[in-house]
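If you read the sequences in order, they're chains A and B.
The opening residue of the first sequence carries number 1 in UniProt numbering; numbering runs sequentially from there.
The opening residue of the second sequence carries number 1 in UniProt numbering; numbering runs sequentially from there.
We treat Cβ as the ideally placed atom computed from N, Cα and C, and that holds for glycine.
There are 2 protein chains.
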Amino acid sequence: MDEDAFLKAYDPTAFERPALTVDLVLLGLSDGHPAVLLIERAEHPHAGRWALPGSFVRPDETLDGAAARVLRDKAGFDAIEAERTRLEQLYTFGAVDRDPRMRIVTVAYLALLPEAVFAQVEEENAALSAARIAVSWAGEAGGPVAAFAVRDRAGHEALPLAFDHADILALAILRLRGKLDYSDVGFALLPESFTLRQLQDVHEAILGTSLNKPAFRRRMLDRGWLVPTGAREAGTSFRPAELYRFRKPL
Amino acid sequence: MDEDAFLKAYDPTAFERPALTVDLVLLGLSDGHPAVLLIERAEHPHAGRWALPGSFVRPDETLDGAAARVLRDKAGFDAIEAERTRLEQLYTFGAVDRDPRMRIVTVAYLALLPEAVFAQVEEENAALSAARIAVSWAGEAGGPVAAFAVRDRAGHEALPLAFDHADILALAILRLRGKLDYSDVGFALLPESFTLRQLQDVHEAILGTSLNKPAFRRRMLDRGWLVPTGAREAGTSFRPAELYRFRKPL
DNA sequence: AGAATAGTGTCTTTCAGACACTATCAT
DNA sequence: ATGATAGTGTCTGAAAGACACTATTCT
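Next up, the structure:
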């Protein structure tokens, strides 16, 4: 049986196709802690639960294109912000019953938002809320991830996520953690200029561990990706730290 | 505009959906070199070109399930072999014009086959051929990958790949390379028992570099994943190397 | 001056690369 | 014995962890 015979036997127009969507994990920092932008579902299925922003993929757009459209239409990014935001494909989720309405396969994307953008989007877009992420460290090899509402975290109650979006979120954190050390993702969450302490805090928040200060500074400075701005932190009641800017390696 | 309004506006049953397929990158070693199993397309589109084995995703199966089905039906794996083979999702390709017939989005999977399985499948399944992979190292950051027929490599002419399958193959090699150092993928290509030299050869073939022998041995043995079998290599005209078995870390 | 954090000097340990050396097997 | 590869001992240098120390700014 060769491929063409197979294609005839399974003529796609004659059979039902799964629906295809994209879902976006929009990560940022809220109070120095990792957080994600979520939409509260108003109607069922999963009414009252929180979902990642997403959309169906149209026949005439790429997957990346669909993800970029969600960024504009559902997260309210303007063209410039959307252009600047780097969307990275994360994984494709295809469990048969992941949506109770019908068979839907979703391609998950991950984007890291600078603190200012993250806060602004959450403020301007009433449909979106920032939810702090809490990671359970059961097995050290990447346990389950729970999301908490960043505003209503007095009781530390978990925000219920819709569909399999908790799995998607967990994978996003793991991906981020894996790339933290050898890529420039650590800078994507920070504003234009930042201190080394802020950078270290971001790394520690994502990794869930504490890092050695001199070693961290050495590694970061030796890479040559940091340019001192000459300016210093303002508004502290102690010695202000020097501000650095991230410059992509040549 | 909230999600439900959006869902109403884009009722998926009212609009055309992309078709969804899975494609498998079945990697193995041929003569110590990385190779992939390909199917020569008999009819157009892309007649005469070589394609990764794949299939449409059925409504009642997961993506992983569809990939496993291709392994059995198109690659001719029996149930036991298919069970043993670990399929890993690689990436989802969604360019609008990647297939000339219609809009098809494909989820690519990667599997590593032990030498014996690789050779056996190629021999028994007339539709499949092993093609050696050649990697161009233009930019050091992962340049284009070309596939050569392993049998007809006298002239070193590139095998033309169908659709965007060259891109898929290139990404598979990059993924493999990235995981080689911190995972156990290096063992998946080797037979049950193997020498440290064979293991090093596999690593060098995938990385495209030569490695330091004492350092390599130290790293591998210190990980505690290797168990000496007590037996030794046979059939050499020199000192036979000790054979090791891979044991998963506890 | 005191408090609080920024930033550095240095010792130790760990580990990869390099190189030379010894060990062992077939012929 | 010879040839060829397996396998190891050891030196060196690079880099991380630990710790203590100095520096700087605000109140």
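Let's see if you can read the secondary structure: which residues bound the beta strand (DSSP E) around residue i?
i: B/G54; result: 54-56
i: B/D23; result: 19-30
i: A/R84; result: Premise fails: A/R84 lies in the alpha helix (DSSP H), 79-84, not in any beta strand (DSSP E).
i: A/V105; result: 104-112
i: B/A130; result: 128-135
i: A/V36; result: 33-40
i: residue 255 of chain A; result: Residue 255 of chain A lies beyond the stretch modelled for chain A, which goes from 1 to 250, so this question has no answer here.
i: A/E88; result: 87-93
Using the rule of at least 16 other Cβ atoms within 10 Å of the residue's Cβ for burial, across every protein chain shown, is residue i buried or exposed?
i: A/K213; result: exposed
i: A/D23; result: buried
i: A/S237; result: exposed
i: B/V227; result: exposed
i: A/H44; result: exposed
i: B/A47; result: exposed
i: A/I133; result: buried
i: A/G224; result: exposed
i: B/G54; result: buried
i: A/T229; result: exposed
i: A/I80; result: exposed
i: B/P191; result: exposed
i: A/P114; result: buried
i: A/G208; result: exposed
Got a sec: is the Cβ-Cβ distance from residue i to anything in chain A below 7 Å?
i: B/A131; result: no
i: B/L20; result: yes
i: B/L159; result: no
i: B/P59; result: yes
i: B/R101; result: no
i: B/Y10; result: With a pLDDT of 47 at B/Y10, under the threshold of 50, the modelled position of that residue is not reliable, and no figure is offered here.
i: B/V185; result: no
i: B/L63; result: yes
i: B/V107; result: yes
i: B/T92; result: yes
Taking just the CA atoms, how far does residue j sit from residue i?
i: A/D99; j: B/V202; result: 42 Å
i: A/S210; j: A/F216; result: 10 Å
i: B/Q198; j: A/S183; result: 31 Å
i: A/F163; j: B/V105; result: 22 Å
i: B/N125; j: B/A75; result: 7 Å
i: B/L189; j: B/L112; result: 6 Å
i: B/A138; j: B/I173; result: For B/A138, the predicted structure reports a pLDDT of 41, less than 50, and the residue's modelled location is therefore unreliable. A value from the coordinates is still provided. When rounded, the distance between both Cα atoms is 15 Å.
i: A/A241; j: A/I206; result: 22 Å
i: B/V57; j: A/R17; result: 8 Å
i: B/D78; j: B/A66; result: 15 Å
i: A/R219; j: A/D73; result: 40 Å
i: A/R232; j: A/A82; result: 30 Å
i: B/F187; j: B/R103; result: 38 Å
i: A/G235; j: A/F194; result: 14 Å
i: B/E123; j: B/L26; result: 15 Å
i: B/L52; j: B/T92; result: 14 Å
i: A/A108; j: A/L90; result: 5 Å
i: B/E40; j: B/P34; result: 19 Å
i: B/L29; j: B/A166; result: 18 Å
i: B/P160; j: B/W50; result: 6 Å
i: A/A146; j: A/V36; result: 11 Å
i: B/R69; j: A/Y244; result: 53 Å
i: A/R239; j: A/A127; result: 40 Å
i: B/L176; j: B/V185; result: 8 Å
i: B/L38; j: B/L110; result: 13 Å
i: B/V135; j: A/F15; result: 39 Å
i: B/L221; j: B/G178; result: 21 Å
i: A/L20; j: A/D181; result: 33 Å
Using a Cβ-Cβ cut-off of 7 Å, state whether residue i counts as contacting chain B.
i: A/E140; result: At A/E140, the pLDDT of 43 sits below 50, so the modelled position is not reliable and the matter cannot be decided from this model.
i: A/A231; result: no
i: A/E17; result: Checking the sequence shown, residue 17 of chain A turns out to be Arg, not Glu. So, interface residue.
i: A/R175; result: no
i: A/A215; result: no
i: A/A95; result: yes
i: A/K248; result: no
Should residue i be counted as a contact of the ligand NAD given a C-beta to heavy atom distance under 6 Å?
i: A/P53; result: Among the ligands in the structure shown, none appear at all, so the ligand NAD cannot be discussed.
Taking residue i as part of the alpha helix (DSSP H), name the residues at either end of that continuous run.
i: B/F187; result: 185-188
i: B/H165; result: 165-179
i: A/L196; result: 196-207
i: B/G76; result: Taken as a continuous stretch (DSSP letters only), B/G76 belongs to no alpha helix (DSSP H), as it is neither H nor E.
i: B/V121; result: 115-124
Worksheet entry | Completely contained beta strand (DSSP E) runs for the region 212-250 of chain A, where each covers 3 or more residues | 226-232, 242-246
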